[in-house]
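Chain order of the listed sequences is A and F.
Start counting the first sequence at 9; every next residue gets the next number (the working numbering).
Start counting the second sequence at 9; every next residue gets the next number (the working numbering).
Just below is one structure, and these are the notes that go with it.
There are 2 protein chains.
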Amino acid sequence: MLNFNFYSPTNFVFGKDTESQVGELVKKEKAKKVLIHYGSGSIKRSGLFDRVIKSLEEVNIEYVELGGVVPNPRDTLVYEGIELCREEKVDFILAVGGGSTIDSAKAIAAGVKYKGDFWDFYEKTATITKAVKIGVILTIPAAGSEGSNATVITKTDGMLKRVTYGDSIRPVFSIINPELTYTLPSYQTAAGIVDMMAHIFERYLTKTNDVLLTDRLCEATLVSIIEAAKVVMEEPTNYEARATICWAGTIAHNGSLGVGRQEDWASHRLEHELSALYDVTHGAGLAVIFPSYMRYTVNVDVQRYRRLAVKVFGIKDKPKKPLKVALAGIQALENFFKSINMPTSFEDIGAKKEDIDMLVKKLRINCGDVVGFFKGITMEDAKNIYELACK
Amino acid sequence: MLNFNFYSPTNFVFGKDTESQVGELVKKEKAKKVLIHYGSGSIKRSGLFDRVIKSLEEVNIEYVELGGVVPNPRDTLVYEGIELCREEKVDFILAVGGGSTIDSAKAIAAGVKYKGDFWDFYEKTATITKAVKIGVILTIPAAGSEGSNATVITKTDGMLKRVTYGDSIRPVFSIINPELTYTLPSYQTAAGIVDMMAHIFERYLTKTNDVLLTDRLCEATLVSIIEAAKVVMEEPTNYEARATICWAGTIAHNGSLGVGRQEDWASHRLEHELSALYDVTHGAGLAVIFPSYMRYTVNVDVQRYRRLAVKVFGIKDKPKKPLKVALAGIQALENFFKSINMPTSFEDIGAKKEDIDMLVKKLRINCGDVVGFFKGITMEDAKNIYELACK
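Below is the structure:
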C-alpha cells in the first residue's frame with residue numbers, strides 16, 4: 009500500500025427534499041451574493057430553480073444567474089462567469105446541475121481570484137491556491153465532481169479538453185437529492201452510470217500490490233451500481249436504486265476508492281479526445297473505450313482482470329484458465345453497456361477510423377508520449393486501442 | 009435509504025514516516041503553541057516524542073506537554089488540560105496516541121472554549137459549538153476517534169462513562185503511520201481489531217431497508233480486517249496487514265459505513281458499563297458483549313444475520329435454514345475473537361454475575377429505559393444479554 013492523503017472535506021447532504029436546505033447552507037458560509045450557475049434551463053422548467061431562489065430569499069441572500077453550460081463545458085462561458093462574478097461582487101458560486109456545470113463553476117471560482125488567464129491552470133503554468141467558495145445541487149450523478157478536486161474544461165479554440173486540480177475548488181457542500189434525477193433522459197442516466205464505473209476502473213487497474221481492502225470497496229460499489237442500473241433503466245422513479253446510483257457516483261470519485269494505490273486514468277485521456285472531437289457525452293465515449301482498453305491491457309495483470317470478472321460480473325472462476333475468465337468479464341462489461349443502450353464502438357458514436365491519427369496527435373499534445381500507469385499507453389498503443397474500438 | 013449527512017473533513021495523512029510532516033501540518037493551521045497530549049509515556053521511550061518535537065521546532069512552533077491519559081480517559085486530566093491550555097495560551101492540541109488520548113484531547117479542546125464545566129457536554133446540558141483545533145498522530149488503530157466527531161470520557165466520581173459529539177472537535181488532520189503500531193502488545197492489537205469490527209456491526213445491525221451498497225462496503229471492510237488480523241497476530245511487523253488494520257479502523261468510524269441507515273449502538277452502551285466498572289479495555293469488553301448480543305437479537309432480522317454469516321464468515325448458505333446459518337456466523341465471530349486471544353465471557357474479564365443488577369442500574373442512568381434501535385434493548389433485555397455472556 010502506497011502512502012496517501014485522503015481529504016474529502018465536502019459536507020454531503022443527501023436525500024429527499026434536501027435542496028430546501030440550500031439557503032441555510034449558503035448562509036452558514038457567510039455569503040452575501042450567490043452566482044447560480046446552470047446548464048440548459050431544465051432546472052427552470054422543472055421548478056428546481058424557483059425552489060432554490062425561495063430558499064435563498066428566505067435567508068436574505070442575493071443572487072445573479074448564469075446558465076448555458078454545455079456538455080464538455082467551454083472556456084468561453086468561464087470567462088463570462090469570471091467577469092460577472094467580479095462585476096457583481098459574488099462571494100459564493102452555486103452549481104445546479106451535473107459534472108459540466110460543477111466543473112465550469114470550479115473554473116470560474118478559481119478564475120475570479122486569479123489575476124492571469126484562468127486557462128493557465130489547465131496549461132499547468134499556474135496552480136490553484138484560492139477560489140470563491142462553491143456549493144452544489146446535483147442533478148446528474150456521473151462525473152463525481154460534487155466531491156472531487158478536479159475540473160475539466162474544453163478550450164473552444166482547438167477543442168482542447170484539459171483537467172486541473174485544487175483543494176480550494178472542492179465544494180463546501182453538495183446537496184444530492186435522488187428524486188431530482190427521476191426525469192433524466194435514460195441516455196444521460198446510462199452515460200452517468202458508465203462514467204462512475206469508469207472512475208472506479210481507473211483506480212482498480214493498478215499495479216500496486218496489497219490494496220485488497222480498496223479492491224473490495226471498489227468491487228462492492230461496482231456490484232451495487234450494476235444492480236441498481238438494471239432497476240433504474242426499467243423504473244426511473246425507483247428511489248432506492250436512484251439513491252444507490254447517486255451515492256455510488258459520489259464515492260466513486262471522492263478519492264475513497266483509490267487510497268494506497270497508483271491510479272491509471274489512461275482510458276479517460278483516450279476518451280477525452282473522442283468527446284472533444286465528436287462532442288459525444290463523456291460516459292458514452294468511455295463505454296466505447298473501456299472494453300477495448302481492457303482487452304488490450306488484459307495481459308498486464310490477468311489475475312486482476314480475472315478477479316474483476318469473478319467478483320463483479322459473477323463469471324465462474326477457473327484458476328487454471330485466468331485469461332479466459334478475464335476476457336469473459338470484459339465481455340460481460342461490454343454486454344452490460346449494451347444492455348443500458350450505451351455505444352461500444354466508433355461506429356455507434358459516429359467516430360471515424362480515418363480520424364485516429366488526428367486523435368493520437370491531439371492525445372500526444374495534451375498528455376505527452378506515455379499515458380497512464382497501469383500499462384503506460386504509448387502513442388502506438390493508443391492507435392491500437394482506438395482501432396480495436398472500430399470493430 | 010434514509011436521508012443523511014456525510015461530513016468527514018479531516019485530512020488523513022497515511023503511510024510510512026508521515027509523522028515527520030506534523031510540523032508543516034500544524035503550521036498550515038497557523039498555530040503558535042501546541043499542547044502535546046499523550047498517554048503512558050511509551051511515545052517517549054520509542055523516540056516518537058522526540059521526532060514530533062523536532063518537526064515542530066523546525067517550523068518554530070512552541071509546545072507544552074501533558075501525558076498521563078489512561079484507558080477509559082478521566083475527567084480529572086481533562087480539567088488539568090483545560091487549565092494548562094488557558095495558562096499557556098495553547099492554540100492547537102496534538103493528540104499522540106490512541107482513542108483515549110484523542111478523546112481526552114477533544115474534551116480539552118471543547119472545554120477551553122467553554123465558560124462552564126466541560127462535563128455539561130457529556131450530560132447533554134450544553135452543546136459543543138467551538139473548540140481549539142486538534143491534530144492527531146495515531147498509535148493505536150481501534151476507536152476511530154481520529155476521524156470521528158465523538159469523544160467518550162469517564163467521570164471518576166461514580167465512574168460514569170459518557171459520550172458526546174461535535175463537528176468542531178473533528179481533527180483537522182490525522183497522521184496514520186502503520187509502522188508506529190508494530191510494537192503494540194498483541195492484546196491491544198486484538199482489542200483494537202474487535203473495536204473497529206464493532207463499529208461496523210453497530211452500523212450493519214439496522215432495520216433500515218435498501219442499504220445494500222452500504223452493506224457491501226461494511227462486508228468488504230470486515231472481511232479485510234479479519235484477513236489482516238490473522239497476519240498481524242503472527243507477524244506484527246507486516247506492513248501491509250498493519251496498514252489494512254489502520255485504514256479499516258478509520259473508515260469503520262468516520263461515518264462512511266453508516267450512510268443512509270439507522271445505526272444501533274446498543275452493544276457499545278452495554279459494554280461501556282463493563283469497562284466503567286471493571287476498567288477492562290473497551291475492545292475486550294465488546295468481544296464479551298457482541299456474541300451474546302447477536303444471539304439474543306438474531307430473530308430481529310435473521311436474514312441480515314444470515315447475510316453476515318455468508319458474506320463475512322464464509323458460512324455455506326442454506327436459504328431454507330436461515331437461523332442455522334445465522335447462528336453459525338455468530339459462532340464463527342466468537343471463534344475468531346478467541347483465536348486472537350480476546351475474552352468472550354464475563355469470567356474471562358473477571359466480571360461477576362452478581363454485578364449484573366448494578367450494571368443494568370447504571371445503564372438505565374446513562375441511557376434511559378431503551379437502548380439502541382435494532383431491537384431496542386429494554387433493561388430486561390440488557391439483563392438477559394449480560395446473563396448470556398456469563399456462560
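Glycine included, C-beta positions come from ideal geometry on N, C-alpha and C.
Please name the residue, chosen from the options, that lies closest to residue i on a Cα-to-Cα basis.
| i | options | result |
| --- | --- | --- |
| Asn19 (chain A) | A:Arg312, A:Leu331, A:Val34, A:Gly106 | A:Val34 |
| Thr147 (chain A) | A:Leu92, A:Ala117, A:Gly49 | A:Gly49 |
| Pro327 (chain F) | F:Arg312, F:Lys383, F:Thr164 | F:Arg312 |
| Tyr15 (chain F) | A:Tyr286, A:Glu355, A:Pro179 | A:Pro179 |
| Ser5 (chain A) | A:Glu395, A:Gly31, A:Met366, A:Phe354 | Only positions 9 to 399 of chain A appear in this structure, which leaves residue 5 (chain A) out of reach. |
| Arg108 (chain F) | F:Gly257, F:Lys370, F:His45 | This sequence places Ser at residue 108 (chain F); Arg is not what is there. Ranking F:Gly257, F:Lys370, F:His45 by Cα distance to Ser108 (chain F) puts F:His45 first. |
| Ile63 (chain A) | A:Lys97, A:Ala249, A:Thr26 | Reading off the sequence shown, one finds Ser at residue 63 (chain A), where the question assumed Ile. Of A:Lys97, A:Ala249, A:Thr26, the residue nearest in Cα terms is A:Thr26. |
| Leu360 (chain F) | F:Gly124, F:Gly257, F:Val296, F:Asp325 | The residue you asked about is not Leu; residue 360 (chain F) is Lys in the sequence shown. Closest by alpha carbon: F:Val296. |
| Tyr195 (chain F) | F:Glu227, F:Pro244, F:Glu248 | F:Pro244 |
| Gln339 (chain F) | F:Gly322, F:Gln29, F:Phe354 | F:Gly322 |
| Asn374 (chain A) | A:Pro149, A:Thr162, A:Asp356, A:Lys324 | A:Thr162 |
| Tyr212 (chain F) | F:Lys169, F:Thr197, F:Met9, F:Leu265 | F:Leu265 |
| Glu342 (chain A) | A:Pro81, A:Arg303, A:Gln270 | A:Arg303 |
| Ala260 (chain A) | F:Ala260, F:Leu221, F:Asn13 | F:Leu221 |
For residue i and residue j, I'd like the C-alpha separation in whole angstroms.
| i | j | result |
| --- | --- | --- |
| Thr135 (chain A) | Val202 (chain A) | 30 angstroms |
| Val86 (chain F) | Val120 (chain F) | 10 angstroms |
| Leu281 (chain F) | Ala206 (chain F) | Per the sequence shown, residue 281 (chain F) should be read as Glu rather than Leu. Between Glu281 (chain F) and Ala206 (chain F), the C-alpha separation is close to 16 angstroms. |
| Glu388 (chain F) | Ile364 (chain F) | 11 angstroms |
| Glu66 (chain A) | Leu43 (chain A) | 17 angstroms |
| Glu395 (chain F) | Lys52 (chain F) | 42 angstroms |
| Asp111 (chain A) | Asn157 (chain A) | 10 angstroms |
| Thr252 (chain F) | Lys36 (chain A) | 37 angstroms |
| Ala317 (chain F) | Ala236 (chain F) | 18 angstroms |
| Thr191 (chain F) | Val72 (chain A) | 58 angstroms |
| Ile69 (chain F) | Gly76 (chain F) | 23 angstroms |
| Asp272 (chain A) | Gly23 (chain F) | 20 angstroms |
| Phe382 (chain A) | Thr214 (chain A) | 5 angstroms |
| Val140 (chain F) | Leu92 (chain A) | 38 angstroms |
| Leu56 (chain A) | Asn262 (chain A) | 25 angstroms |
| Gln29 (chain A) | Ala198 (chain A) | 29 angstroms |
| Ile233 (chain A) | Trp255 (chain A) | 10 angstroms |
| Ala115 (chain A) | Leu188 (chain A) | 25 angstroms |
| Val267 (chain F) | Lys370 (chain A) | 42 angstroms |
Compare the C-beta of residue i against all C-beta atoms of chain F and say whether one is closer than 9 angstroms.
| i | result |
| --- | --- |
| Met204 (chain A) | no |
| Ile259 (chain A) | yes |
| Val21 (chain A) | yes |
| Phe126 (chain A) | no |
| Ala256 (chain A) | yes |
| Thr252 (chain A) | yes |
| Phe14 (chain A) | yes |
Could you list which residues in chain A have their beta carbon closer than 7 angstroms to that of residue i, in chain order?
| i | result |
| --- | --- |
| Lys24 (chain F) | Asn11 |
| Leu278 (chain F) | The contacting residues do not exist; Leu278 (chain F) stays about 29 angstroms from chain A at best. |
| Leu225 (chain F) | Leu225, Ala228 |
| Pro17 (chain F) | Pro17 |
Counting contacts by CB-CB distance shorter than 9 angstroms, is residue i in contact with chain A?
| i | result |
| --- | --- |
| Val231 (chain F) | yes |
| Ala228 (chain F) | yes |
| Val267 (chain F) | yes |
| Phe209 (chain F) | no |
| Leu221 (chain F) | yes |
| Trp273 (chain F) | no |
| Glu235 (chain F) | yes |
Residues of chain F with a CB under 7 angstroms from the CB of residue i: which are they?
| i | result |
| --- | --- |
| Asp218 (chain A) | Glu248 |
| Phe129 (chain A) | In chain order: nothing, as chain F lies at least about 21 angstroms away. |
If the cut is a Cβ gap below 9 angstroms, which residues of chain F does residue i touch?
| i | result |
| --- | --- |
| Ser264 (chain A) | Ile259, Ser264 |
For a contact defined as C-beta to C-beta under 8 angstroms, what are the partners of residue i on chain A?
| i | result |
| --- | --- |
| Phe321 (chain F) | Chain A residues near Phe321 (chain F): none, gap ~15 angstroms exceeds 8 angstroms. |
So does residue i have its beta carbon nearer than 8 angstroms to some heavy atom of the ligand HEM?
| i | result |
| --- | --- |
| Ser63 (chain F) | Of the ligands one can find in the structure shown there are none, so the ligand HEM has no counterpart to examine. |
Restricting to runs no shorter than 3 residues, where is the beta strand (DSSP E) found entirely within the segment 146-195 of chain F? 158-163, 168-173, 181-184
At 4 residues or longer, and completely inside the segment 87-132 of chain A: list those alpha helix (DSSP H) runs for me, N to C. 107-120, 127-131
Give, in chain order, every unbroken run of the beta strand (DSSP E) that is at least 3 residues long and sits entirely within the segment 15-65 of chain A. 41-45
Fully enclosed by the segment 193-226 of chain F, which alpha helix (DSSP H) runs are 4 residues long or longer? 194-212
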